[in-house]
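Colleague: Protein chains in written order, with our numbering: chain G, 1 to 186; chain F, 187 to 372. Even for Gly, the Cβ is constructed at its ideal location relative to N, Cα and C. Note that the coordinates shown come from a computational prediction; the quantities given were computed from them, not determined experimentally.
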DNA sequence: GTCTATACGCCGATAGAC
DNA sequence: GTCTATCGGCGTATAGAC
């Protein structure tokens, strides 16, 4: 891991703030306070706020790719890999209850803003979709692999949204259990 | 139906704009242009933007209550009533693909803004939850009625989110079919 | 009830010193 | 590379004429 540049700090702080407060609502002042640099210093690293958003999406894409690769390395069994995906809901339950799913909420916001970068944000979902499809294919469900991938993605989104609205950790655990049983019964 | 007052027009225009653009991103100028009144005239009807939000949530609560009552009047069979709920996804598919679920996206936004009215927005979800629970109880699933209500709500949220991100009408139809079959197999 | 004019702050963004 | 100072615009909100 290389030493973090100021640019890295800006991207990582923005990543967190965009998740916790939303992209539109997060101002340069918020980010500057978080990184502890002046507002003016931003524009040496990024010309516009949209450029920061693009860098954040790039950052998330990279993190997601690494996570998926890690899951493939950790397990040979595709069923176990899919379980790793499902269990993000458990591992990140505190943040999910507070702020929802980072992928779903960013996409939903950019869609409403009709923002140029919504197509890039969608790619984060596509990474999961393609990866899940691959695992279901390996499990012997080649024909319905994409439908199964969408099904699991959809379930996770629903669980994250309702767990957040109803502040309900038990709901997450119960639904993860149900999804696990569903997967094993396939 | 009484004649609509200016206040009614403001509430209904805000309802639409909050759905299509988000609450935070919608300005008084947007609403004023839509209603065709001056910005200054707002403050005769509402003291703050938050008061408009409260009126919009009140408006949505009332509309939702009427819709649920209508579904009860239209069908004696609770299974058919639940199908009415599931089929909102089909009926509103164009709007859902463009802007997501109005209930889920408003709640998600207010949660991120940590807005005072997030508790009121949650009540719209609670209306559906309680109503669905009642129908599942009538169907003879009293013990798991709330879990089944949450399951259906969660599914709908997931479908709305993914259909919007992937601009996918077929996904909605396919998932509605799956949910219908699931309901009939209960 | 509706309007125009305006206050005041925060927004993203720029210029230029160090 | 980082800073301070500042710009123009839009945000919510107010005052007061009609």
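With residue 350 of chain F as the anchor, note down where its alpha helix (DSSP H) starts and where it stops.
Modeller: Where residue 350 of chain F is concerned, the enclosing alpha helix (DSSP H) stretches over 331-351.
Colleague: Going by beta carbon distance, what residues of the same chain come within less than 6 angstroms of residue 332 of chain F, once the five residues before and after it are set aside?
Modeller: Here the set comprises 319.
Colleague: Along the chain, which unbroken stretches of the beta strand (DSSP E) at least 3 residues long are found entirely within the stretch 253-304 of chain F?
Modeller: Segments of the beta strand (DSSP E) lying fully in the stretch 253-304 of chain F: there are none.
Colleague: Does residue 348 of chain F come within less than 7 angstroms of chain G when only Cβ atoms are used?
Modeller: Yes, residue 348 of chain F counts as interfacial toward chain G.
Colleague: State the Cα-Cα distance for the pair residue 55 of chain G and residue 13 of chain G, rounded to the nearest angstrom.
Modeller: Cα to Cα, the separation comes out at about 12 angstroms.
Colleague: In chain order, what residues of the stretch 10-28 of chain G put their CB closer than 8 angstroms to some CB of chain F?
Modeller: Within the stretch 10-28 of chain G, the qualifying residues are 20, 21, 22, 24 and 25.
Colleague: Show which residues of chain G have a CB atom less than 7 angstroms away from the CB atom of residue 357 of chain F.
Modeller: The answer, in chain order, is 150.
Colleague: For a cutoff of 7 angstroms on Cβ pairs, would you count residue 311 of chain F as touching chain G?
Modeller: Chain G, which has a Cβ nearer than 7 angstroms to the Cβ of residue 311 of chain F, makes this yes.
Colleague: For chain G, check one thing: does any of its Cβ atoms lie closer than 7 angstroms to the Cβ of residue 298 of chain F?
Modeller: For residue 298 of chain F, the answer is yes, since a Cβ of chain G falls inside 7 angstroms of its Cβ.
Colleague: Cutting at 8 angstroms between CB atoms, please list the residues of its own chain near residue 96 of chain G, excluding the five before and the five after it.
Modeller: For residue 96 of chain G, where only same-chain residues beyond five positions count, the Cβ hits under 8 angstroms are 89, 160, 163, 164 and 172.
Colleague: Could you tell me the distance, in whole angstroms, from the CA atom of residue 189 of chain F to the CA atom of residue 237 of chain F?
Modeller: Each residue's Cα considered, the two are about 22 angstroms apart.
Colleague: Closer than 7 angstroms, CB to CB, is residue 293 of chain F near chain G or not?
Modeller: So, interface residue.
Colleague: Using a Cβ distance threshold of 8 angstroms, determine whether the stretch 283-301 of chain F contacts the stretch 100-114 of chain G, with at least three qualifying pairs required.
Modeller: A contact exists between the stretch 283-301 of chain F and the stretch 100-114 of chain G.
Colleague: Anything in chain F within Cβ reach of residue 122 of chain G, meaning under 7 angstroms, just list it in chain order.
Modeller: Within chain F, the residues near residue 122 of chain G are 351.
Colleague: Thinking just about the alpha-carbon of each residue, which of F:353, F:197 and F:316 is nearest to the one in residue 119 of chain G?
Modeller: Closest option to residue 119 of chain G, Cα to Cα, is F:353.
Colleague: Between residue 79 of chain G and residue 139 of chain G, how many whole angstroms is the CB-CB distance? I'm expecting something under 8 angstroms.
Modeller: Yes, residue 79 of chain G and residue 139 of chain G are in contact; Cβ-Cβ is about 6 angstroms, under 8 angstroms.
Colleague: Secondary structure at residue 6 of chain G, three-state DSSP: helix, strand or coil?
Modeller: In the structure shown, residue 6 of chain G sits in a helix (DSSP, three-state: H, G or I).
Colleague: When DSSP labels each residue in this structure, what does residue 46 of chain G get in the three-state scheme?
Modeller: Of the three classes helix, strand and coil, the one that applies to residue 46 of chain G here is coil, per DSSP.
Colleague: At the level of alpha carbons, what is the spacing between residue 58 of chain G and residue 46 of chain G?
Modeller: Approximately 14 angstroms between the Cα atoms of the pair.
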